[in-house]
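To start, the structure under review is shown below, and the notes come after it.
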Amino acid sequence: MNVLIVDDEPIARQILRELLEEHPGVNLAGEASTGLEAVEQIARLHPDVVLLDLQMPGLDGFSVARTLRGDSLPIVIFVTAFETHALQAFDTGAVDYLLKPVRKERLTAALEKARTQIAGLKSEPPPPPPVTEPLRRILGRLGSDLHMLNPGDVIAFQADGDTVQIITAQGRYYADHSLRTLEAKLPPPQFRRIHRGTIINTDHIRKISPLTSKRWLLKMSNGLEAIVSKRMAGVIRDATRW
Numbered sequence: 000m001n002v003l004i005v006d007d008e009p010i011a012r013q014i015l016r017e018l019l020e021e022h023p024g025v026n027l028a029g030e031a032s033t034g035l036e037a038v039e040q041i042a043r044l045h046p047d048v049v050l051l052d053l054q055m056p057g058l059d060g061f062s063v064a065r066t067l068r069g070d071s072l073p074i075v076i077f078v079t080a081f082e083t084h085a086l087q088a089f090d091t092g093a094v095d096y097l098l099k100p101v102r103k104e105r106l107t108a109a110l111e112k113a114r115t116q117i118a119g120l121k122s123e124p125p126p127p128p129p130v131t132e133p134l135r136r137i138l139g140r141l142g143s144d145l146h147m148l149n150p151g152d153v154i155a156f157q158a159d160g161d162t163v164q165i166i167t168a169q170g171r172y173y174a175d176h177s178l179r180t181l182e183a184k185l186p187p188p189q190f191r192r193i194h195r196g197t198i199i200n201t202d203h204i205r206k207i208s209p210l211t212s213k214r215w216l217l218k219m220s221n222g223l224e225a226i227v228s229k230r231m232a233g234v235i236r237d238a239t240r241w
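Taking numbering that gives the first Met the number 0, the leading residue of the sequence shown gets 0, the next gets one more, and so forth.
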């Protein structure tokens, strides 16, 4: 299992490096000290797991994690000195959230979680759901209220733990469908799944620009930003005639 360490503090990287040396079957693929360097290293090294700090100059850990949702790997384990971001961290799909100073037994447990998830990702994926009639209205929940939403008004759908957020210019709602079901019902190429946890409405894209040689930045009509692979940016540009 190849692991990339991402932290802007040299001493923090050294501690993690020494802890990893005690784990058989774990190989240090590399290190990065900034979020941008992490994105580049992930694209070049293809690690299985990223030990990712949250607070870094430039792209923070959350921004880096969001770039990975379109890929089956790597698995993210957050490593941070702050307890307050745990819920948001798990919403990005991270398998664990380790507090500094990292204890050996916690790192061991986190790596085992990652190993289990990697084994599942490498197994044969389930068949796609059958094609169904496109949605004409989407039911959005907000507290105890139900709202009938026009699909064209939806800017994006984002996984939020076990639920899915429906993002519109008017606010955020919760869907009764999984992202997989929504993907089957929403008409392409208007709706495109760009990450494991995100579907966007391409009609609401306002800007597409290169971020690195491998990653591009999408800016949506409400200011929402998403980082996608160069390949996905090309697919979107071809489909939408950008």
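Think of the CB as a built atom: it goes at the ideal place given N, C-alpha and C, for glycine as much as any other residue.
- By the criterion of a C-beta distance shorter than 8 Å, Ala109 is surrounded in its chain by Ile76, Val94, Asp95, Leu97, once the five residues flanking it on both sides are discounted.
- Under the three-pair Cβ rule at 8 Å, the stretch 44 to 58 counts as touching the stretch 101 to 117.
- Taking Leu134 as reference, the option from Lys184, Glu224, Arg205 with the minimal CA-CA separation is Lys184.
- No Cβ-Cβ contact shorter than 8 Å links Tyr172 with Leu223.
- Rounded to the nearest angstrom, the Cβ distance from Met231 to Ile193 is 6 Å, consistent with a contact under 8 Å.
- Secondary structure note for Met231: its alpha helix (DSSP H) is the uninterrupted segment 229 to 239.
- Taking 8 Å as the upper bound for CB-CB distance, Met0 and Arg114 are in contact here, some 6 Å apart.
- The C-alpha of Ile199 lies about 5 Å from the C-alpha of Arg191.
- Under DSSP, Gly34 forms no beta bridge with any residue.
- With fewer than 16 other CB atoms across the displayed protein chains lying within 10 angstroms of its CB, Gln54 is exposed.
- Under DSSP, Leu67 forms no beta bridge with any residue.
- Closest in C-alpha terms to Val5, from the list Pro23, Glu20, Asp59, Gly24, comes Asp59.
- In the displayed model, Thr79 falls within a strand according to three-state DSSP.
- About 6 Å separates the beta carbons of Ile235 and Thr201, which is inside the 8 Å limit, making them a contact pair.
- A straight line joining the alpha-carbon of Gly139 with that of Phe156 spans about 11 Å.
- Just measuring C-alpha positions, the residue of Ala174, Gln116, Ala168, Ile117 sitting nearest Asp144 is Ala174.
- Membership of Ala11 in the alpha helix (DSSP H) is indicated by the continuous run 9 to 19.
- In summary, Pro187 is exposed, with fewer than 16 beta-carbon neighbours lying within 10 Å of its beta-carbon over all protein chains present.
- Counting of Cβ neighbours within 10 angstroms places Gln40 among the buried residues, the total reaching 16 or more.
- Taking the Cα positions, Gly29 is about 7 Å away from Val2.
- As the crow flies, the alpha-carbon of Gln164 is around 15 Å from that of Gly151.
- Taking a C-beta distance under 8 Å as the contact criterion, Gly196 and Gly34 do not qualify as a contact pair.
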